[in-house]
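Participant: In the numbering used here, the protein residues as written are 735 to 1306.
Note that the Cβ used here is the ideal one computed from N, Cα and C, for glycine as well.
1) Note down, in chain order, each residue of its chain lying with its Cβ closer than 7 Å to the Cβ of residue 1084, except the 5 sequence neighbours on either side.
2) Mind checking whether residue 1167 and residue 1226 have CB atoms under 8 Å apart?
3) For a test of the three-state rule: what should DSSP assign to residue 1154, helix, strand or coil?
4) According to the Cβ coordinates, are residue 848 and residue 787 closer than 8 Å?
5) For residue 985, which of 1080, 772, 1176 has the nearest alpha-carbon?
6) Sorted by chain position, which residues of the same chain lie with C-beta nearer than 6 Å to residue 1126's C-beta, five sequence neighbours on each side aside?
7) So the alpha helix (DSSP H) residue 879 belongs to, where does it begin and stop?
8) Check residue 973 in the structure and name its three-state DSSP category.
9) Is DSSP giving residue 872 helix, strand or coil here?
10) Do you know how far the Cα of residue 1189 is from the Cα of residue 799?
11) Residue 1155: buried (16+ other C-beta within 10 angstroms of its C-beta) or exposed?
12) To which residues of the same chain is residue 744 closer than 6 Å at the C-beta, ignoring the five residues directly before and after it?
13) Less than 8 Å between the CB atoms is what I'm expecting for residue 1132 and residue 1110, so what's the real figure, rounded?
14) From residue 1185 to residue 1192, what distance separates their C-alpha atoms?
15) Is the beta carbon of residue 904 closer than 8 Å to that of residue 804?
16) If distances are taken between C-alpha atoms only, which option among 1015, 894, 1183, 970 comes closest to residue 814?
17) Residue 839 and residue 870: beta carbons closer than 8 Å?
18) List, from N- to C-terminal side, the alpha helix (DSSP H) runs of 4 residues or more that fit wholly inside the segment 878-906.
19) State the Cα-Cα distance for the pair residue 790 and residue 819, rounded to the nearest angstrom.
20) Shortest alpha-carbon distance to residue 994 belongs to which of 1011, 1038, 1012?
21) Below 8 Å on the Cβ atoms is my guess for residue 1219 versus residue 1174; work out the distance and round it to an integer in Å.
22) If you compare alpha carbons, which of 1107, 1104, 1045, 1179 is closest to residue 1118?
23) Sort 896, 1017, 962 by Cα distance to residue 812 and report the nearest one.
24) Between the Cα of residue 948 and those of 864, 964, 1276, 934, spot the shortest distance and give me the residue it belongs to.
25) Which first and last residues belong to the alpha helix (DSSP H) in which residue 945 is found?
26) Is it the case that the Cβ atoms of residue 944 and residue 950 are separated by a distance below 8 Å?
27) Rounded to a whole number of angstroms, what is the C-alpha to C-alpha distance between residue 1160 and residue 1296?
28) Threshold first: 4 residues or longer. Then list the alpha helix (DSSP H) segments lying entirely within the segment 1102-1187, N to C.
29) Between residue 980 and residue 855, what straight-line distance do the alpha-carbon atoms span, to the nearest angstrom?
30) In chain order, what residues of the same chain have a beta carbon less than 7 Å from the beta carbon of residue 821, not counting five sequence neighbours either side?
31) Ends of the alpha helix (DSSP H) at residue 770?
32) Tell me whether the beta-carbon of residue 989 lies closer than 8 Å to the beta-carbon of residue 1115.
33) Helix, strand or coil for residue 865, going by three-state DSSP, please let me know.
34) What's the gap between the Cα of residue 1217 and the Cα of residue 1197?
Structural data, given as structure tokens:
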């Protein structure tokens, strides 16, 4: 600490300022109260109408399944969860013979995807009827079936390890769709173009809903009541999200930490966007706000370790976090004191709020996870500053924690009343599904941030470690990272399949089999918990699209999404 400031070498970098300024703080929510009240009544009427259509006992299975898919794509399925679950269970119990030619490729792929999305273990062998017996490949005559190919393409993203027919399906559908996309009429052509950039399963539901609403408008057989419900519900949710974002931005400005820590990224709006991607439904309002705040604080800590702190300073900060005691603030460098104080005060607020619900234990799990995260940051900082290049295995073990998603998954449960102690305990044991999410985050992040980190003189990056161990070139290492990320996605998909679970599923969900609800006699892991992990992985696919670091440079990737979700309402 006695070193003169000019003698201290800092691994400093320069980040672009916030794109948003005070835009969301100045938002006036009072002006939308009347609109909110007006639309809310209409939404209730439309919900009852759509509910009746879903429940219709006279409707054919193929029609109802297509309706369920449309409801989910339009972003209003959270209103009809019980009805959808009942119908899917009813249809799954039929043990439909999909070799019947009454079901075309579009139908079979759609049913396969919907069942798997909801945890039903339906076999990929149902696609065998479209495999040419002579070549072992998908039949050539499918290449002109745009609707069927798109359905097959989207279904193939629900694959698990060893399902070679779905690996082949993805390659076949992708190549075929790229060829015919320019020839397809709208709205199918628009859907294909979008899907080739962003698959449905890897996409953020809220973003996908906004896109599909504009496409569904062009359907000749669209249901006008359903379309109107989707538009009104989208705008009502947008009003809620803007109110939440305003609260988070005001909190951020009052902290004034960006002024005090000018080396850090000012990304509070992007942090809220990340939280909204994890859960957008109205019942998670408190959870969104709490998660957005923790992500914003994590970003400051990350930049302190990566972009400013010295080894000696980071040592003291790490110890202070481990101690979790405001008295430790006396030992910290002056610039770290506001950050440490704000962090402890934030968690004190969380604990007071959670105590009212009888869930004060949740804050304890979150702080322990934060301590683990900071330890991993400290390890990486020492590698960086000292120029140490660890073996890839050593790097990855630490990096799966330093990617921050283990901590953020834990904090995502803080504001969820449905998350109980057993859920936190399950997460703390790092079940295979969570590990799959951590791998996706770390591997894709490493590829997206490689050039920036390299330009800053960062040595101990994942790609560098892998290349050094395997005598590989950069392109080879990147290809390997994408391959490993795909395998992790397959593991994540496997963890969702609760119907007739395989031995590997038991390993994947671990204690989740004990944290369950009963649905028609079958025990399944808590949907609330598993969906958070899935959505965090989806955020990586969206936020780092095209191997761009969308969080650090939001102008390139996230800005259009933020405008669509929080600024521009849908025209009614």
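Facilitator: Inspection of the coordinates gives the following:
1) Translated into the one-based positions of the chain shown, residue 1084 becomes position 350. Closer than 7 Å at the Cβ level, and outside the excluded window around residue 1084, lie 1024, 1097, 1148.
2) Sequence index remark: in the chain shown, residue 1167 carries index 433 (1-based). Sequence index remark: in the chain shown, residue 1226 carries index 492 (1-based). Between residue 1167 and residue 1226, the C-beta gap is smaller than 8 Å, which places the two residues in contact.
3) For the purposes of this step, residue 1154 is taken as residue 420 along the chain shown, with counting starting at 1. DSSP places residue 1154 in the coil class of the three-state scheme, outside both helix and strand.
4) Within the chain shown, residue 848 is the residue found at index 114, counting from 1. Within the chain shown, residue 787 is the residue found at index 53, counting from 1. Cβ distance not < 8 Å, so residue 848 and residue 787 don't count as in contact.
5) Start at 1 with the first residue of the chain shown, and residue 985 comes out as number 251. Nearest of 1080, 772, 1176 to residue 985, Cα basis: 1080.
6) As a working mapping, residue 1126 is identified with position 392 in the chain shown. So the list reads 1199, 1200, 1203, once near-sequence residues are dropped.
7) The residue given as residue 879 occupies position 145 in the chain shown. Counting along the chain, residue 879 sits inside no alpha helix (DSSP H), nor does DSSP assign it H or E at all.
8) In the chain shown, the residue the question calls residue 973 occupies position 239. Helix at residue 973.
9) As a working mapping, residue 872 is identified with position 138 in the chain shown. In this structure, DSSP gives residue 872 an extended state, which the three-state scheme calls strand.
10) Working through the chain shown from its first residue, we reach residue 799 at position 65. Working through the chain shown from its first residue, we reach residue 1189 at position 455. In a straight line, the C-alpha of residue 799 is about 51 Å away from that of residue 1189.
11) Working through the chain shown from its first residue, we reach residue 1155 at position 421. Here residue 1155 is exposed. Its C-beta has fewer than 16 other C-beta atoms within 10 Å.
12) By 1-based counting over the chain shown, the position of residue 744 is 10. 1042, listed in sequence order.
13) As a position in the chain shown, residue 1132 is number 398, starting the count at 1. As a position in the chain shown, residue 1110 is number 376, starting the count at 1. With 8 Å as the limit, residue 1132 and residue 1110 qualify as a contact, their Cβ atoms being about 5 Å apart.
14) Reading the chain shown from its first residue, position 451 is the one you call residue 1185. Reading the chain shown from its first residue, position 458 is the one you call residue 1192. Straight across, the Cα-Cα distance linking residue 1185 with residue 1192 is about 10 Å.
15) What you label residue 804 is simply residue 70 of the chain shown in a count that begins at 1. What you label residue 904 is simply residue 170 of the chain shown in a count that begins at 1. Between residue 804 and residue 904, the C-beta gap is not smaller than 8 Å, which leaves the two residues out of contact.
16) Your numbering for residue 814 matches position 80 in the chain shown. The shortest Cα separation from residue 814 among 1015, 894, 1183, 970 belongs to 1015.
17) Here residue 839 refers to the residue found at position 105 of the chain shown. Here residue 870 refers to the residue found at position 136 of the chain shown. Taking 8 Å as the Cβ cut-off, residue 839 and residue 870 do not qualify as a contacting pair.
18) Restricted to the segment 878-906, the alpha helix (DSSP H) segments that are unbroken, complete and at least 4 residues in length are 880-890, listed in chain order.
19) Locating residue 790 in the chain shown gives position 56, counting from the first residue. Locating residue 819 in the chain shown gives position 85, counting from the first residue. Cα-Cα distance, rounded: 14 Å.
20) Translated into positions along the chain shown, residue 994 becomes position 260. Closest by alpha carbon: 1038.
21) Within the chain shown, the letter at position 485 stands for residue 1219. Within the chain shown, the letter at position 440 stands for residue 1174. The Cβ separation is near 5 Å, so the contact holds.
22) Against the chain shown, residue 1118 aligns to sequence position 384. If we check each option's Cα against that of residue 1118, 1045 comes out closest.
23) Stepping through the chain shown from its first residue, residue 812 is reached at position 78. Nearest of 896, 1017, 962 to residue 812, Cα basis: 1017.
24) Taking the first residue of the chain shown as 1, we reach residue 948 at position 214. Of the candidates 864, 964, 1276, 934, the one whose C-alpha sits nearest the C-alpha of residue 948 is 964.
25) Residue 945 sits at position 211 when you count from the first residue of the chain shown. Annotation: the continuous alpha helix (DSSP H) that includes residue 945 extends over 939-950.
26) Here residue 944 refers to the residue found at position 210 when the chain shown is read from its first residue. Here residue 950 refers to the residue found at position 216 when the chain shown is read from its first residue. Their beta carbons are not under 8 Å apart, which means residue 944 does not touch residue 950 by this criterion.
27) Start at 1 with the first residue of the chain shown, and residue 1160 comes out as number 426. Start at 1 with the first residue of the chain shown, and residue 1296 comes out as number 562. Cα to Cα, the separation comes out at about 33 Å.
28) 1126-1136, 1139-1146, 1155-1162, all fully within the segment 1102-1187.
29) Residue numbering aside, residue 980 sits at position 246 when the chain shown is read from its first letter. Residue numbering aside, residue 855 sits at position 121 when the chain shown is read from its first letter. Taking the straight line from one Cα to the other gives about 42 Å.
30) Position 87 of the chain shown holds residue 821. Counting only Cβ-Cβ distances below 7 Å, and skipping sequence neighbours, we find 788, 798, 802.
31) Here residue 770 refers to the residue found at position 36 of the chain shown. Taken as a continuous stretch (DSSP letters only), the alpha helix (DSSP H) holding residue 770 covers 767-789.
32) Locating residue 989 in the chain shown gives position 255, counting from the first residue. Locating residue 1115 in the chain shown gives position 381, counting from the first residue. Here residue 989 is not near residue 1115, since their CB atoms are 8 Å or more apart.
33) What you label residue 865 is simply residue 131 of the chain shown in a count that begins at 1. Strand at residue 865.
34) Counting from 1 along the chain shown, the entry for residue 1217 is found at position 483. Counting from 1 along the chain shown, the entry for residue 1197 is found at position 463. The alpha-carbon atoms of residue 1217 and residue 1197 are separated by roughly 13 Å.
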